[in-house]
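Here the UniProt record's numbering is used: position 206 in the sequence shown is 206, and no number is missing along the way.
Step one of this worksheet: look at the structure below.
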Amino acid sequence: MRVVVVGAGIVGASVAWHLARAGVAVELLEAGAGPAQGVTARAFGWVGLGAQGPGDDPELFALRLRAVAEHARWRRTLGERYPVSGQGALVWRSSEAETRALIDWHRARGSQVEARGRSGIVALEPGLREVPELAAWFPQDVASEPPALARALLADAPGVVLRSGARVVALEEGAAVLTDGARVAGDAVVLANGAAAVELLPGLDVSLSPAVLIEGRAETGGSGRILCGPEFEARVGPDGRVVLAEWLPPEGEAALPGLARAAEGALSRALGAGVVLQPPRVGERPVTGDGWPMVGPLPGHPGLVLAVAHPGVILSPFLGRLAVAAVLGGTSDPEMEKFRPRCRIII
Numbered sequence: 001m002r003v004v005v006v007g008a009g010i011v012g013a014s015v016a017w018h019l020a021r022a023g024v025a026v027e028l029l030e031a032g033a034g035p036a037q038g039v040t041a042r043a044f045g046w047v048g049l050g051a052q053g054p055g056d057d058p059e060l061f062a063l064r065l066r067a068v069a070e071h072a073r074w075r076r077t078l079g080e081r082y083p084v085s086g087q088g089a090l091v092w093r094s095s096e097a098e099t100r101a102l103i104d105w106h107r108a109r110g111s112q113v114e115a116r117g118r119s120g121i122v123a124l125e126p127g128l129r130e131v132p133e134l135a136a137w138f139p140q141d142v143a144s145e146p147p148a149l150a151r152a153l154l155a156d157a158p159g160v161v162l163r164s165g166a167r168v169v170a171l172e173e174g175a176a177v178l179t180d181g182a183r184v185a186g187d188a189v190v191l192a193n194g195a196a197a198v199e200l201l202p203g204l205d206v207s208l209s210p211a212v213l214i215e216g217r218a219e220t221g222g223s224g225r226i227l228c229g230p231e232f233e234a235r236v237g238p239d240g241r242v243v244l245a246e247w248l249p250p251e252g253e254a255a256l257p258g259l260a261r262a263a264e265g266a267l268s269r270a271l272g273a274g275v276v277l278q279p280p281r282v283g284e285r286p287v288t289g290d291g292w293p294m295v296g297p298l299p300g301h302p303g304l305v306l307a308v309a310h311p312g313v314i315l316s317p318f319l320g321r322l323a324v325a326a327v328l329g330g331t332s333d334p335e336m337e338k339f340r341p342r343c344r345i346i347i
């Protein structure tokens, strides 16, 4: 069997990895110059549960619980090749009451979370100068490096042939069509190219949500753990490398310089050290209309399988496994029907 996978970001790498381990020959098509150069390169890399809280869909949260457990499987399989820049996440809200509600919400849903007072916070992050009264500590959350993880998966996937600079502009039954008109055929085609899938499938119930990633340097090094407060979501490595995640303001990209200045100031105050940030980078995340992943065969299009969801990094092992089950003609997952594409596709 031979399968064509479109997109070599974290989801495409997961699909290729799962297929290769099932003994399937894979041709991986990537529009960029190499793997993980699209939205995966602009992903913060928070693998865990601490970003969720009151107001989030309990069923989607349960799905993330399962996906995080599958990342643990990857860590066991890849060992030191699974890139971790920091272990654990400290999360606090605008008030102590809000943070307490966050902790209670997670405990009720089975998360591994601890309540940390000021002394417990300082024990974890002695470099933090603006210390909240209370924080939620998620010891199992991980700050990963998504591009490095995608590359590690591909390095562990024997038989996968990566074709960079191969932009897919159309789909045919059992084939992807490139810009030069060449057809790349297989027994199945898996679309795992995130936002670009929307261009190929204009009837897809997926919208694009911009994510902002800002990198820079701090005067002092940190633990690499995730620090998520009301003013920033960041991690600072031992070498002083800073990575921040932000939302794009309603004003659009014109507001990015001001956003970077505000983030720079907030993090500098929190660390009590100078921080210099690079210009922000924006990536488009594919968000389904109902929030649920779309994984499975496209109705009326034999041999075409979709694997699109947000957050792609967290869900990637889960998406890869289900996409491969769809390709091979079966799955043991009782919830597969929930994830199947749920709209009329126009190709």
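Glycine residues also receive a C-beta, built at the ideal position from the N, C-alpha and C atoms.
{"Asked": "Tell me whether the stretch 100-115 and the stretch 130-150 touch, counting them as touching only if at least three CB pairs, one residue from each stretch, are closer than 8 Å.", "Found": "yes"}
{"Asked": "Just curious, the beta strand (DSSP E) that Glu233 is in, first and last residue?", "Found": "233-236"}
{"Asked": "Could you pull out every unbroken alpha helix (DSSP H) segment of at least 4 residues lying fully inside the stretch 241-324, listed in chain order?", "Found": "256-271"}
{"Asked": "Please go through the stretch 161-240 and give each complete beta strand (DSSP E) segment of 3 or more residues, from N-terminal end onward.", "Found": "168-172, 175-178, 183-185, 188-191, 206-218, 226-228, 233-236"}
{"Asked": "Tell whether a beta-carbon distance below 8 Å holds between Ser85 and Ser316.", "Found": "no"}
{"Asked": "Cβ atoms of Ala8 and Leu28: under 8 Å apart, would you say?", "Found": "yes"}
{"Asked": "Leaving aside the five residues before and after Gly283 along the sequence, list all residues of the same chain whose C-beta is less than 6 Å from its C-beta, in chain order.", "Found": "Val39, Arg42, Ala211"}
{"Asked": "Between the Cα of Glu145 and the Cα atoms of Leu65, Arg235, Gly229, which residue gives the shortest distance?", "Found": "Arg235"}
{"Asked": "Give me the Cα-Cα distance between residue 349 and Glu231, rounded to the nearest whole angstrom.", "Found": "Lying outside 1 to 347, the shown extent of the chain, residue 349 is not represented and no answer is given."}
{"Asked": "What do you get for Trp17, buried or exposed, if any count of 16 or more other CB atoms within 10 angstroms of its CB means buried?", "Found": "buried"}
{"Asked": "Round the Cβ separation of Val6 and Val177 to the nearest angstrom and send it over; I've been treating them as touching at under 8 Å.", "Found": "Rounded, the Cβ-Cβ distance is 11 Å, inconsistent with contact."}
{"Asked": "Let's see if you can read the secondary structure: which residues bound the alpha helix (DSSP H) around Pro132?", "Found": "Unbroken run through Pro132: none, as it is neither H nor E."}
{"Asked": "Inspect the beta-carbon positions of Leu153 and Leu306 and report whether they are closer than 8 Å.", "Found": "no"}
{"Asked": "Pairs of beta-carbons, one from the stretch 212-224 and one from the stretch 246-254, closer than 8 Å: are there three or more?", "Found": "yes"}
{"Asked": "Which residues in the same chain have their Cβ closer than 6 Å to the Cβ of Arg163, if we skip the five residues on either side of it in sequence?", "Found": "Leu29"}
{"Asked": "Where Arg73 and Pro83 are concerned, what is the direct C-alpha to C-alpha distance, given to the nearest angstrom?", "Found": "14 Å"}
{"Asked": "For the alpha helix (DSSP H) that contains Arg100, what are its first and last residues?", "Found": "96-108"}
{"Asked": "Going by CA-CA distance only, name the one from Ala254, Gly216, Gly320, Val4 that's closest to Gly237.", "Found": "Gly216"}
{"Asked": "Our contact map puts Val308 next to Ile10 with C-beta atoms below 8 Å; I'd like the distance itself, whole angstroms only.", "Found": "In fact, because the Cβ distance is near 12 Å, the residues do not count as touching under 8 Å."}
{"Asked": "Per DSSP, which one or two residues make a beta bridge with Leu90?", "Found": "Trp137, Leu227"}
{"Asked": "Under a three-way DSSP split, which group does Phe339 fall into?", "Found": "helix"}
{"Asked": "Assign Val113 to one of three DSSP states: helix, strand, or coil.", "Found": "coil"}
{"Asked": "What residue from Pro311, Gln278, Ser223 has the CA that sits closest to Leu60's CA?", "Found": "Pro311"}
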